[in-house]
Each structure stands twice: as structure tokens, then as C-alpha cells.
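Residue numbers (the working numbering), protein chains in the order written: chain U, 1 to 237; chain D, 238 to 474.
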């Protein structure tokens with residue numbers, strides 16, 4: 001049953017744009033689809049990263065919390081880790097690394113995940129701040145986010161790559177979260193200067209896209225007037 | 238294992254646009270994900286419809302063939318039928334029926350399927366014509382399609398509805414194929430005037446999107462210069 005070829009996704013990025021932020025999946029349910037993942041909590045409650053089955057949340061105060069099974073999420077990804085060695089890197093700049101990964105991944109049309117363990121320099125992360133009903137739009141939430149920085153930190157970057165044709169459902173391109181080895185720093189990665197460490201890679205042949213079809217706000221929302229792609233790329237870029 | 242909440246899709250509509258038409262899934266594999274479905278063969282070889290586990294192909298000469306397990310497809314959908322009664326209709330016009338289904342489905346943001354069994358008036362279908370390598374683009378193939386018409390015919394319409402945010406991966410809105418009870422007429426539905434019969438409905442909470450990640454043409458294609466949405470809506474409308 002643990003199919004490592006499938007990337008699970010609950011919700012779509014599109015539903016964050018107008019602020020459809022009810023928690024529609026529990027962490028327990030998310031973990032049934034993987035031991036590795038990323039996501040956000042109800043109301044955009046921080047940045048989640050699941051490593052070896054443990055779900056860490058970086059909240060907007062910068063605290064790292066382990067959340068329990070009943071924690072709910074409007075949007076999340078998970079999968080069962082079965083990574084393959086890609087390369088070791090030594091003080092490589094972010095854009096050079098990106099190019100190397102693109103080249104070695106050998107397809108822009110495939111969902112895949114990359115994990116980088118190592119020492120990151122001048123890393124900048126953000127964590128969104130929980131809003132309550134009526135929830136803020138993604139653009140408004142992005143304004144209220146907290147930004148965290150470290151000169152040097154050891155930790156794990158977990159990234160999902162999604163093909164262009166799924167933009168809106170997912171973030172086309174890379175979507176990366178971070179957790180320090182000391183479990184005291186993390187969030188959604190905005191930038192880093194360079195990294196030394198090890199890069200592993202896992203390719204998926206399928207996306208299992210699960211939608212919150214019983215959530216009234218999702219069910220009845222008219223997405224036609226939302227600027228889905230513009231808002232996503234402004235907020236997630 | 239037969240999960241009737243999941244709609245399976247192999248390939249994306251986007252890959253038909255530049256003519257990535259290798260058959261990358263066998264009918265045997267497609268039937269493992271459902272007893273009901275639609276699709277097309279390698280090189281856009283006709284219009285497929287699977288009803289009660291039997292895969293019928295309408296080829297560009299208008300013949301109806303049952304294809305075997307080794308028949309390959311570049312794009313297809315399937316699911317396990319578990320339909321619920323929606324309504325009986327009496328000589329209802331196509332656009333009125335559409336409105337009623339939209340209303341009763343009660344969500345434009347959910348994948349679902351509709352089956353209509355009955356008597357269709359002035360129905361117009363098409364079947365695409367198989368091309369060989371180098372395959373034609375979707376626009377060119379659409380020019381070479383055959384069109385079939387019947388004044389009155391009894392048969393089954395199978396339709397999948399996909400939410401707007403998945404446009405490009407799927408056809409946003411309805412994608413409908415047809416097969417007559419006599420198994421002598423069918424194809425991709427372009428239009429019909431009215432229908433009398435029974436409408437059933439099945440809602441999915443998940444899309445299992447499978448991609449041909451080992452196909453070299455798919456792997457290496459650069460979709461960025463294709464007019465995906467324009468071409469799809471011109472050809473599939």
C-alpha cells in the first residue's frame with residue numbers, strides 16, 4: 001500500500017487565493033499518505049514540514065511545534081520517502097544548484113521531490129500568520145507574514161517540483177520548506193545564498209489530488225473572478 | 238481496492254496539443270482503474286468509451302470496434318461506476334439539461350461523471366483519425382476528423398466534468414463520448430438537440446493523475462511555447 005510513485009495533495013493552491021482556509025484534512029489523514037510532506041494549518045497557521053513521519057510547524061512567532069493528529073490543514077502534500085542519491089554539493093549558489101537539479105531531473109513535465117541536507121548560508125524563510133473566519137485572502141495574509149533569517153544553519157530542505165500545466169492546482173516549479181537540525185528554525189524558503197551538503201531525488205509517476213468536496217465554502221466558491229496565478233506567484237515566489 | 242471516489246486519468250490534454258501521441262498506457266492497465274471511461278488511441282486513433290468494462294472504439298470511418306488489452310492510449314480517463322440517480326428527462330434541450338445538471342451537481346469545483354441513457358435527437362459526433370509518427374498536432378488532427386450524425390438514436394452518453402483550475406491537465410467543463418445501444422454509432426459528442434431518458438451522477442473526491450514519465454517525447458518536450466488552452470478549447474469544444 002505504500003506506493004512511493006504517488007505524490008498526494010490535499011486541496012489546491014487556488015483555494016488559498018480567496019481565503020478558503022478551513023482545515024479540511026487532519027494530520028492523521030495526511031500521514032496515511034506519506035511520512036514526508038509540507039503544508040499549512042487552518043487559517044494559514046504557519047508552515048508545516050513532515051520529516052520521517054514527524055510533523056513540525058513553524059508558527060508566525062518563529063516557534064517550532066510538533067502538531068498532533070487532530071491538527072487540520074486546508075492545503076498539504078505528502079508522500080512515502082524513497083529517495084535516490086543525486087549529488088553532493090560544496091558551497092553552491094542557489095541558482096547554480098537549481099540549474100543542476102533541473103538538468104539532472106531531466107524532465108520539467110514530471111512531479112518530483114528533492115531533499116537537501118547540509119549547511120545553508122544566509123537563508124531567509126517566512127511563516128504565515130493564522131487568521132480567523134472570515135479568513136484573509138492570500139495577498140493579505142502574505143502581507144502579515146513573519147520573515148526569519150540565519151547566517152549559517154544546518155538543516156533539511158524539502159522541495160516539491162510541479163509541472164507548468166498544473167499551475168494553480170499546485171505551485172508550478174519548486175515549493176520548498178525548511179527545518180533546522182536543532183528544530184529551532186524553519187519555514188517556507190524565500191531565499192538562501194549557498195549550501196554545502198547532500199542532494200537526494202524522488203520522482204513520481206502520479207499525483208493523487210484530493211479535494212475538500214464536502215466543505216461548503218469550497219463547494220460554492222466562484223473562482224472565475226480570482227486572479228489565481230497572479231496571487232499565487234506573488235505570495236509563493 | 239475498487240475506490241469509486243477516485244477518477245483516474247492517464248496523460249494530460251496538454252500533451253495532445255503538440256502531438257505527443259505515443260500510446261503510453263495499455264487498455265489492460267486502464268481497466269485496472271475502472272470499468273467505465275473514455276480516451277483515444279495512439280496517434281489519436283478514434284474515440285474510446287468503456288461501458289460495463291467493455292472498451293468500444295469509434296474509428297474515423299465510423300466503425301465500432303471492441304479493442305483488446307494490448308491497445309495503447311496517450312490519454313484516457315476511467316473510474317469504477319457507482320452512480321446515483323439524478324433525474325428523468327423528457328425531450329429536454331441540451332443547454333437546459335446542462336443547466337439542470339450544473340444546478341443539481343451543486344459544485345463547479347468537484348470532478349464528477351454523468352451518464353445519460355435514452356433517446357437522443359439530432360446528435361452530432363466526431364472521431365479523430367489516426368496519424369503516424371511524426372504525429373500531427375491537435376489542431377491539424379482536428380481538421381482531419383470525421384463527423385457523424387443521427388436524427389434519432391438510443392444510446393449512452395458518458396461525461397466527465399473537471400473544475401476550471403485543472404484546465405489544460407483535463408478539459409475544464411464537460412467532456413462527453415457516446416455509444417448507441419446497437420453499437421453502430423458513437424464518438425466524441427459535438428452536439429445534440431434534445432434527449433429523453435435517465436440521468437445518473439457520480440461525484441469524485443480525488444483525481445489520480447498518472448503521467449507517462451518514461452516516454453522520451455513527453456519527458457523532453459518544452460510546453461512553454463504551445464498554446465495549450467487555446468488549442469484544447471478549439472479542438473474539444
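Ideal Cβ positions, reconstructed from N, Cα and C, are used throughout, including at glycine.
Who pairs with residue i in a beta bridge, going by DSSP?
| i | result |
| --- | --- |
| residue 446 (chain D) | U:207 and D:246 |
| residue 93 (chain U) | U:194 |
| residue 281 (chain D) | DSSP, once it has assigned bridges, lists no residue as partnering residue 281 (chain D). |
| residue 347 (chain D) | Residue 347 (chain D) pairs with nothing; no bridge assigned. |
| residue 55 (chain U) | U:50 |
| residue 120 (chain U) | U:153 and U:195 |
| residue 180 (chain U) | U:155 |
| residue 88 (chain U) | U:198 |
| residue 303 (chain D) | D:293 |
| residue 36 (chain U) | U:79 |
| residue 426 (chain D) | D:362 |
| residue 17 (chain U) | BP columns for residue 17 (chain U) are empty, so no partner. |
| residue 309 (chain D) | D:263 |
Select from the options the residue whose C-alpha is nearest the C-alpha of residue i.
| i | options | result |
| --- | --- | --- |
| residue 433 (chain D) | D:455, D:268 and D:360 | D:360 |
| residue 379 (chain D) | D:454, D:335, D:367 and D:395 | D:367 |
| residue 363 (chain D) | D:325, D:387 and D:288 | D:387 |
| residue 390 (chain D) | D:431, D:281, D:265 and D:342 | D:431 |
| residue 185 (chain U) | U:81, U:65, U:25 and U:36 | U:65 |
| residue 77 (chain U) | U:63, U:41 and U:109 | U:41 |
| residue 111 (chain U) | U:92, U:156, U:162 and U:117 | U:162 |
| residue 232 (chain U) | U:43, U:106 and U:140 | U:140 |
| residue 132 (chain U) | U:16, U:7 and U:22 | U:22 |
| residue 104 (chain U) | U:67, U:81, U:92 and U:85 | U:85 |
| residue 305 (chain D) | D:264, D:298, D:320 and D:332 | D:264 |
| residue 453 (chain D) | D:318, D:261, D:240 and D:328 | D:261 |
| residue 135 (chain U) | U:200, U:121 and U:20 | U:20 |
| residue 97 (chain U) | U:200, U:32 and U:74 | U:200 |
| residue 357 (chain D) | D:336, D:392 and D:346 | D:392 |
| residue 298 (chain D) | D:254, D:424, D:449 and D:464 | D:424 |
| residue 94 (chain U) | U:191, U:226 and U:220 | U:191 |
| residue 290 (chain D) | D:273, D:471, D:462 and D:296 | D:273 |
| residue 173 (chain U) | U:102, U:73, U:83 and U:44 | U:102 |
| residue 183 (chain U) | U:49, U:92, U:99 and U:207 | U:49 |
| residue 107 (chain U) | D:344, D:450, D:267 and D:308 | D:450 |
| residue 82 (chain U) | U:224, U:34 and U:219 | U:34 |
| residue 444 (chain D) | D:328, D:317 and D:381 | D:317 |
| residue 280 (chain D) | D:288, D:308, D:292 and D:300 | D:308 |
| residue 461 (chain D) | U:158, U:165, U:15 and U:32 | U:165 |
| residue 74 (chain U) | U:218, U:202 and U:109 | U:218 |
| residue 418 (chain D) | D:459, D:383, D:384 and D:355 | D:355 |
| residue 385 (chain D) | D:300, D:288, D:269 and D:239 | D:300 |
Can you pull the chain D neighbours of residue i, defined as C-beta to C-beta under 8 angstroms?
| i | result |
| --- | --- |
| residue 219 (chain U) | 343, 344, 346 and 347 |
| residue 165 (chain U) | 249, 251, 405, 406, 460 and 465 |
Mind pulling the chain D residues with CB within less than 9 angstroms of residue i?
| i | result |
| --- | --- |
| residue 205 (chain U) | 447, 448, 449, 450 and 451 |
Under 7 angstroms Cβ to Cβ from residue i, same chain only, skipping five residues before and after it: list those, please.
| i | result |
| --- | --- |
| residue 167 (chain U) | 229 |
| residue 171 (chain U) | 13, 162, 232 and 236 |
| residue 202 (chain D) | Any question about residue 202 (chain D) goes unanswered here, given that chain D covers just 238 to 474. |
| residue 92 (chain U) | 194 and 195 |
| residue 203 (chain U) | 110 and 112 |
Measuring only from the beta carbon, is residue i closer than 8 angstroms to any heavy atom that is part of the ligand MG?
| i | result |
| --- | --- |
| residue 18 (chain U) | As presented, the structure is devoid of all ligands, the ligand MG included, so that no description of it is given. |
Can you give me the Cβ contacts of residue i inside the same chain, cut-off strictly under 8 angstroms, excluding the 5 residues immediately before and after it?
| i | result |
| --- | --- |
| residue 209 (chain U) | 9, 12 and 169 |
| residue 100 (chain U) | 87, 89 and 92 |
So, at 6 angstroms on beta carbons, what are the nonlocal neighbours of residue i in its own chain, with the 5 sequence-adjacent residues on each side left out?
| i | result |
| --- | --- |
| residue 189 (chain U) | 125, 176 and 178 |
| residue 442 (chain D) | 242 |
| residue 160 (chain U) | 77, 113 and 175 |
| residue 325 (chain D) | 435 |
| residue 283 (chain D) | 294, 295, 296 and 364 |
| residue 30 (chain U) | 76 and 78 |
| residue 254 (chain D) | 375, 463, 465 and 468 |
| residue 157 (chain U) | 116, 176 and 178 |
Let me know the alpha helix (DSSP H) ranges lying completely inside the stretch 137–177 of chain U, each 4 residues or longer, listed in chain order.
138–143
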